[in-house]
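Participant: One structure is given below, represented as structure tokens, and several questions about it will come after.
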Amino acid sequence: MRKRIYTVLWGTALLGCLATWPALPGVLRIALWLSAIVANAPGVIVVGKLFGYLWVRTIPGYLGSALLSTVLWEPVIRWLERPVSHSRRVFLVGGAGLVLGGYGAAVERVNYQIRSFQLYLPDLPPGLEGLRIVLMADLHCGPVNRPSSMRPALQLANDCKPDLILMPGDFVHYSYSYFPEAAEWLEGLRPRIPGGVLTSWGNHDHWNDIARAQSALGACQGHRLREQRLVLTGKRSLQDSGSGLWLCGLDDLWEGKPDLASVLRGIPADQPRLVLCHNPDVAEEQQAGRVDLMVSGHTHGGQVSLPGLGTPILPSRYGQKYASGWVVGPGGFPVYVTRGLGVGAVPIRLGVRPEITVFELRRNDKNRQTVLL
Ligand SMILES: [Fe+2]
Numbered sequence: 009m010r011k012r013i014y015t016v017l018w019g020t021a022l023l024g025c026l027a028t029w030p031a032l033p034g035v036l037r038i039a040l041w042l043s044a045i046v047a048n049a050p051g052v053i054v055v056g057k058l059f060g061y062l063w064v065r066t067i068p069g070y071l072g073s074a075l076l077s078t079v080l081w082e083p084v085i086r087w088l089e090r091p092v093s094h095s096r097r098v099f100l101v102g103g104a105g106l107v108l109g110g111y112g113a114a115v116e117r118v119n120y121q122i123r124s125f126q127l128y129l130p131d132l133p134p135g136l137e138g139l140r141i142v143l144m145a146d147l148h149c150g151p152v153n154r155p156s157s158m159r160p161a162l163q164l165a166n167d168c169k170p171d172l173i174l175m176p177g178d179f180v181h182y183s184y185s186y187f188p189e190a191a192e193w194l195e196g197l198r199p200r201i202p203g204g205v206l207t208s209w210g211n212h213d214h215w216n217d218i219a220r221a222q223s224a225l226g227a228c229q230g231h232r233l234r235e236q237r238l239v240l241t242g243k244r245s246l247q248d249s250g251s252g253l254w255l256c257g258l259d260d261l262w263e264g265k266p267d268l269a270s271v272l273r274g275i276p277a278d279q280p281r282l283v284l285c286h287n288p289d290v291a292e293e294q295q296a297g298r299v300d301l302m303v304s305g306h307t308h309g310g311q312v313s314l315p316g317l318g319t320p321i322l323p324s325r326y327g328q329k330y331a332s333g334w335v336v337g338p339g340g341f342p343v344y345v346t347r348g349l350g351v352g353a354v355p356i357r358l359g360v361r362p363e364i365t366v367f368e369l370r371r372n373d374k375n376r377q378t379v380l381l
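The numbering of the sequence shown is my numbering, which starts it at 9 and goes up by one.
Structural data, given as structure tokens:
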């Protein structure tokens, strides 16, 4: 019995490793990932971590990760070896889980939804009335989120005729080797304003070597906004200084040192400002005067929403508050959390479609608040 279980685990761990091989077609890669996760979830996580941190895309690396992940299963094997009576119900539930998982991986994972809003900002320069901003986050380019499978999202974003595109972080997953692919995907974006793809870093960008992220993404059309700011003038040009709509980038909360006060320092009080920050928890932990809107990602909307349970996996210190959509933090400024484009360690979406957000800017002359309609 033990030998047979080890054989299965070893095999599935190898499948999981094989699923990261870039030359494989996307559908096959997803099928491999699913089979590896169903049979060997802890192993897949270990393999993923090794890929992220140690750069083991070599034959000994693949075999070593598979072996390590198999050893991790020892307590589970002991539990499996106890005498049990297998009921039909177990197989029915397992089968239904597989069908749902398959749907979530193959269909809903790439079923992009465009959410459009009118964003009313106080003090908006007249020349920026009607400006269209597209927000996308959490590309997670990697073994599951292949640039080819995300090409429809690229097309949808360009079809929205954006003036600016904001992308707050998490460009890759598992390995820095995917930064060039992420950069290539970004090169396909077509903002009307030159240099109008603005980015900030997420936790996964840090985990996979931020220096390589900077060299890969810095070479493409995006302006890097980590702890930096640019101003979009009334004539719709991006500048380092001047007056207009300020676009401020913050570093990631988990792996960087975001400082909201310093990025806003010196901006005249009567000029509107948007902040890009991967992790929306920053709104809970930092307040520093006027912020007209913070745009974030990170939570992926929870990726899986279950009836009665909501979204059980949400990487936020503040429960479900920053799962997705429009939220107001304790500092009184609004945050919009997009559900993101890609998926994380769990390669499915259920009840939480990937999102492309479009804001059309309007001047708010009636009151001094940001309004989203
Ligand atoms: Fe993410």
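We put the beta carbon where it would ideally sit given N, CA and C, even for glycine.
With a Cβ-Cβ cutoff of 8 angstroms, do L174 and L206 count as a contact?
Facilitator: Counted from its first residue, the sequence shown places residue 174 at position 166. Counted from its first residue, the sequence shown places residue 206 at position 198. Their beta carbons are under 8 angstroms apart, which means L174 touches L206 by this criterion.
Participant: Report the rounded CA-to-CA distance for V299 versus I364, giving the unit in angstroms.
Facilitator: In the sequence shown, the residue the question calls residue 299 occupies position 291. In the sequence shown, the residue the question calls residue 364 occupies position 356. Those two C-alpha atoms are separated by around 22 angstroms.
Participant: Report the three-state DSSP secondary structure of G310 (helix, strand or coil).
Facilitator: Within the sequence shown, numbered from 1, the residue matching residue 310 stands at position 302. DSSP places G310 in helix when its eight states are reduced to three.
Participant: Got a sec: does ligand 1 put a non-hydrogen atom nearer than 7 angstroms to the Cβ of H214?
Facilitator: Residue numbering aside, residue 214 sits at position 206 when the sequence shown is read from its first letter. No, Cβ of H214 sits at least 7 angstroms from all heavy atoms of ligand 1.
Participant: So for P342, helix, strand or coil by DSSP?
Facilitator: Along the sequence shown, one-based indexing puts residue 342 at 334. If DSSP states are grouped into helix, strand and coil, P342 belongs with the strands.
Participant: Using 8 angstroms as the threshold, is the C-beta distance between P280 and L253 below it?
Facilitator: For this step, residue 280 is matched to residue 272 along the sequence shown. For this step, residue 253 is matched to residue 245 along the sequence shown. Result yes, Cβ atoms of P280 and L253 sit closer than 8 angstroms.
Participant: Closer than 5 angstroms between the C-beta and any heavy atom of ligand 1: which residues qualify, listed along the chain?
Facilitator: D146, D178
Participant: In this structure, does DSSP put G135 in helix, strand or coil?
Facilitator: The count along the sequence shown starts at 1 and reaches residue 135 at position 127. It is helical.
Participant: CB-CB under 6 angstroms to P160, same chain, minus the five flanking residues each way: which ones, in chain order?
Facilitator: Translated into positions along the sequence shown, residue 160 becomes position 152. None.
Participant: Among the residues of its own chain, which have a CB less than 6 angstroms from the CB of R200, if the five just before and after it don't count?
Facilitator: Sequence index remark: in the sequence shown, residue 200 carries index 192 (1-based). Hits under 6 angstroms: D171.
Participant: Do the CB positions of D260 and H214 come within less than 8 angstroms of each other?
Facilitator: Taking the sequence shown and counting its residues from 1, the one referred to as residue 260 is at position 252. Taking the sequence shown and counting its residues from 1, the one referred to as residue 214 is at position 206. Their beta carbons are under 8 angstroms apart, which means D260 touches H214 by this criterion.
Participant: Is it buried or exposed, F341, if we count other Cβ atoms within 10 angstroms and call 16 or more buried?
Facilitator: Mapped onto the sequence shown, residue 341 falls at position 333. F341 should be labelled buried.
Participant: So, are the CB atoms of D178 and G310 less than 8 angstroms apart?
Facilitator: On the sequence shown, residue 178 is found 170 positions in, with the first residue counted as 1. On the sequence shown, residue 310 is found 302 positions in, with the first residue counted as 1. No, Cβ-Cβ distance for D178 and G310 is not below 8 angstroms.
Participant: Let me confirm a value: G150 is counted as buried when at least 16 other C-beta atoms fall within 10 Å, else exposed. Which label applies?
Facilitator: Start at 1 with the first residue of the sequence shown, and residue 150 comes out as number 142. Buried, by the Cβ-count rule.
Participant: Let's test the definition: count the other Cβ atoms within 10 Å of the Cβ of L106 and tell me whether it reaches 16, buried, or not, exposed.
Facilitator: Against the sequence shown, residue 106 aligns to sequence position 98. Exposed, because fewer than 16 other Cβ atoms sit within 10 Å of the Cβ of L106.
Participant: If you follow the beta strand (DSSP E) that S208 is part of, which residue opens it and which one closes it?
Facilitator: Position 200 of the sequence shown, counted from the start, is the residue given in the question as residue 208. First-last of the beta strand (DSSP E) with S208: 205-208.
Participant: Indicate the three-state DSSP secondary structure (helix, strand or coil) for G102 in the structure shown.
Facilitator: Here the question's residue 102 lines up with position 94 in the sequence shown. Looking at G102 - three-state DSSP - the assignment turns out to be helix.
Participant: Could you check what DSSP says for R220 in three-state terms: helix, strand or coil?
Facilitator: Indexing the sequence shown from 1 puts residue 220 at position 212. Three-state result, R220: helix.
Participant: In angstroms, rounded to a whole number, what distance separates the CA positions of K57 and Q126?
Facilitator: As a first step, residue 57 must be located in the sequence shown, where it is residue number 49. As a first step, residue 126 must be located in the sequence shown, where it is residue number 118. Model confidence at K57 stands at a pLDDT of 49, short of 50, so the residue's coordinates are unreliable; what they give is reported in the following sentence. Cα-Cα distance, rounded: 41 angstroms.
Participant: Flag this pair as touching only if the segment 288-297 and the segment 322-340 have three or more C-beta atom pairs under 8 angstroms; answer yes or no.
Facilitator: yes
Participant: From the DSSP output, in three-state form, read off W334 for me.
Facilitator: Position 326 of the sequence shown, counted from the first residue, corresponds to residue 334. Looking at W334 - three-state DSSP - the assignment turns out to be strand.
Participant: Look at the alpha carbon of C285 and the alpha carbon of M158, and state the distance between them as a whole number of angstroms.
Facilitator: As a first step, residue 285 is located in the sequence shown; it is residue number 277 there, counting from the start. As a first step, residue 158 is located in the sequence shown; it is residue number 150 there, counting from the start. Each residue's alpha carbon lies about 22 angstroms from the other.
Participant: Can you pull the DSSP bridge partners for N153?
Facilitator: As a working note, residue 153 is residue 145 in the sequence shown. N153 pairs with C149.
Participant: Hey, how far is the Cα of G316 from the Cα of G359?
Facilitator: Here residue 316 is taken as the residue at index 308 of the sequence shown, counted from 1. Here residue 359 is taken as the residue at index 351 of the sequence shown, counted from 1. Using only the alpha carbons, I get a separation of about 13 angstroms.
Participant: Enumerate in chain order the residues of its own chain whose CB-to-CB distance from L388 is below 6 angstroms, with the five nearest sequence positions on each side excluded.
Facilitator: This structure leaves residue 388 out entirely; the chain is present only between 9 and 381.
Participant: Determine the extent of the alpha helix (DSSP H) in which F187 is found, giving its start and end residues.
Facilitator: By one-based count along the sequence shown, residue 187 stands at place 179. 187-195 is the extent of the alpha helix (DSSP H) around F187.
Participant: Out of curiosity, what's the CA-to-CA distance linking N375 and L258?
Facilitator: Reading the sequence shown from its first residue, position 367 is the one you call residue 375. Reading the sequence shown from its first residue, position 250 is the one you call residue 258. Their Cα atoms are separated by approximately 27 angstroms.
Participant: Does the Cβ of S332 have 16 or more other Cβ atoms within 10 Å, making it buried, or fewer, making it exposed?
Facilitator: One-based indexing of the sequence shown puts residue 332 at position 324. Buried, by the Cβ-count rule.
Participant: Is the beta carbon of G274 sitting closer than 8 angstroms to the one on L246?
Facilitator: Taking the first residue of the sequence shown as 1, we reach residue 274 at position 266. Taking the first residue of the sequence shown as 1, we reach residue 246 at position 238. Taking 8 angstroms as the Cβ cut-off, G274 and L246 do not qualify as a contacting pair.
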